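Report on one structure; see the data block that follows.
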Amino acid sequence: MYDYLIVGSGLYGSTCAHELKKRGKKVLVVEKRAHIGGNIFTECQHKIHVHKYGAHIFHTNNKPIWDYINQFAEFNRYTNSPVANYEGRLFNLPFNMNTFYQLWGTRTPAEAERKIAEQQAILNGKTPSNLEEQAISLVGEDIYNILIKGYTEKQWGRPAKELPAFIIKRLPVRFTYDNNYFNDRYQGIPIGGYTQIIEKMLDGIDVRLNTDYFEHKLELDKLAKYHIYTGAIDQYYGYRFGKLEYRSLRFESELVETANFQGNAVINYTGNEVPYTRIIEHKHFDPVDTAVSIITKEYPAEWTEGMEPYYPINDEKNDSLYRQYKALTKNENKVFFGGRLAEYRYYDMHQVLGAALKDLKEMP
Ligand code: FDA
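Quick note: the sequence shown uses my numbering, first residue 11, plus one each step.
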């Protein structure tokens with residue numbers, strides 16, 4: 011008999027497993043995929059650590075969380091500085107003095123601020139009623155048209171005019187020559203990939219791969235006193251109120267016969283001339299000396315049955331559906347729910363780790 015059955019070996023489930031084992035609990039982890047780690051899984055191919063489910067950069071302002079993750083791997087000093095390619099022209103991201111110079115030739119913060127203010131003025135103080143107006147109100151027309159419009163339309167599969175304004179709450183604009191995407195104090199990539207972190211977390215813990223909880227529910231439910239469920243909340247309750255919606259992604263990876271394909275880990279494609287949103291070149295996350303490289307094109311996709319649900323669509327309809335499911339969890343006294351799928355929210359890694367460590371305080 012186990013104390014805990016944990017459904018899902020992603021960062022949430024694995025953190026719980028690790029901490030519970032330290033408390034002397036007997037834990038069984040079941041994972042429907044053929045590998046551990048959920049979406050942070052990396053696979054070593056040609057000595058390159060490939061981020062199989064999209065680019066993952068660990069960043070946080072929280073020192074205890076940074077120290078916590080560092081016990082499982084040594085992190086490098088990677089700084090995320092994506093570049094945008096718009097119809098062949100290159101711009102630095104996030105929007106900063108380099109970007110403004112590339113767009114307008116402005117050299118000082120005062121010049122750039124004036125230019126942005128001029129461009130915002132076309133809305134005449136109107137309250138933004140869609141994403142396009144919201145973005146223009148925040149950063150003006152040029153940045154919107156060149157760096158936001160195409161990317162966002164590809165991401166959501168709809169014209170920006172038909173998307174709600176709330177999707178963009180803030181757009182970071184920086185009046186310094188600083189291409190560091192994140193403002194967080196701590197940032198890096200684990201040298202040797204993310205999978206080793208999960209391997210260490212799950213060291214000495216029983217794990218069953220290729221095991222879908224729902225296919226073996228009767229047997230598995232009898233094996234443990236408590237459950238931690240990190241799968242989709244609507245599936246747990248048999249979709250009784252309806253299905254929660256997501257956006258998905260399709261990844262196309264390629265081995266290229268060149269040591270350095272694009273000179274940066276992340277290049278965003280912000281125009282509509284190509285259907286993908288980004289090209290990731292994995293070796294720039296965790297540099298290795300190889301004659302070849304591996305790149306991945308990221309294509310946004312409508313989520314349909316059988317696809318991986320990546321981004322929750324947190325509009326009013328889905329959030330209210332989620333609240334109905336969440337209300338059901340209050341009746342459970344032996345099941346704990348956590349992680350991005352059970353909570354139907356986008357979580358960064360430091361957030362999911364923080365949530366797991368907090369939730370563990372309630373677990374006996
Ligand atoms: P996760 O989905 O990883 O784990 C859940 C596990 O449960 C999966 O392994 C799944 O197979 C399993 N499971 C589900 N149902 C099951 C069932 N019925 N039976 C058995 N197993 C089941 N964050 C960040 O900090 N920096 C970054 O750069 C990025 N980048 C990024 C890019 C992209 C494209 C995405 C989509 C996300 C990111 N993230 C990120 C977020 C990061 O991926 C996220 O925080 C964690 O992976 C969430 O971990 P969870 O354990 O919650 O879910």
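Backbone N, C-alpha and C fix where the C-beta goes; we use that ideal spot for every residue, glycine too.
Being a predicted model, the structure only gives us computed values, none of them experimental.
Check: Counterpart residues of G218 in DSSP-defined beta bridges; Outcome: In the sequence as displayed, the identity of residue 218 is Arg instead of Gly. Note: R218 sits in a beta bridge opposite V40.
Check: Near the ligand FDA: G64 beta-carbon under 7 Å from a heavy atom; Outcome: yes
Check: Pick from R99, L113 and G98 that is closest to F105, judged by C-alpha positions; Outcome: L113
Check: Counted within 10 angstroms of its Cβ, other Cβ atoms place D231 as buried (16 or more) or exposed; Outcome: exposed
Check: DSSP state of Q197 mapped onto helix, strand, coil; Outcome: strand
Check: Residues bridged to C54 (per DSSP); Outcome: H59
Check: Coil, strand or helix - L157 by DSSP; Outcome: helix
Check: Buried versus exposed call for N90 [16 or more other C-beta atoms within 10 Å across all chains shown]; Outcome: buried
Check: Straight-line Cα distance separating R117 from T52; Outcome: 41 Å
Check: Three-way DSSP call (helix, strand, coil) for R260 in this model; Outcome: strand
Check: Exposure of F346, with buried meaning 16 or more beta-carbon neighbours within 10 Å; Outcome: buried
Check: Neighbour-count burial assignment, F110, 16 or more Cβ in a 10 Å radius; Outcome: buried
Check: Nearest residue (CA-CA) to T314, options Y223, N193, Y191 and R260; Outcome: R260
Check: Neighbourhood of Y161 by C-beta distance below 7 Å, restricted to the same chain and skipping five residues each side; Outcome: N278, T280 and T287
Check: Any non-hydrogen atom of the ligand FDA within 7 Å of V217 CB; Outcome: no
Check: G248 to P374 span [Cα, whole Å]; Outcome: 27 Å
Check: Contained beta strand (DSSP E) runs [length at least 3] in the region 201-252, N- to C-terminal order; Outcome: 216-218 and 234-239
Check: Supposed contact pair G48 and L15 - C-beta distance, whole angstroms, cut 8 Å; Outcome: Not really, about 17 Å apart at Cβ, beyond 8 Å.
Check: Continuous alpha helix (DSSP H) stretch holding Q101: start and end; Outcome: Note that residue 101 is Phe in the sequence shown here, rather than Gln. No alpha helix (DSSP H) holds F101; the beta strand (DSSP E) holding it covers R99 to N102.
Check: Test item: CB-CB of T300 and K57 under 8 Å; Outcome: yes
Check: Where F110 sits in the DSSP three-state scheme; Outcome: helix
Check: I50 versus T240 - alpha carbon distance; Outcome: 14 Å
Check: Alpha helix (DSSP H) runs wholly inside the region 346-373, at least 4 long, in chain order; Outcome: 359-369
Check: Own chain partners of K42 with C-beta closer than 6 Å, once the 5 adjacent residues on each side are dropped; Outcome: D222
Check: N-terminal and C-terminal residue of the alpha helix (DSSP H) that T25 is part of; Outcome: L21 to K32
Check: Secondary structure of Y320, DSSP reduced to three states; Outcome: coil
Check: Proximity of V60 and I304 at Cβ, strictly below 8 Å; Outcome: yes
Check: CA nearest to the CA of V39, picked from L233, N102 and E353; Outcome: L233
Check: For Q130 and F146, believed in contact at Cβ under 8 Å, the rounded distance; Outcome: The question names Phe, but residue 146 is Ile in the sequence shown. Going by Cβ atoms, the distance from I146 to Q130 rounds to 7 Å, so yes, they are a contact pair.
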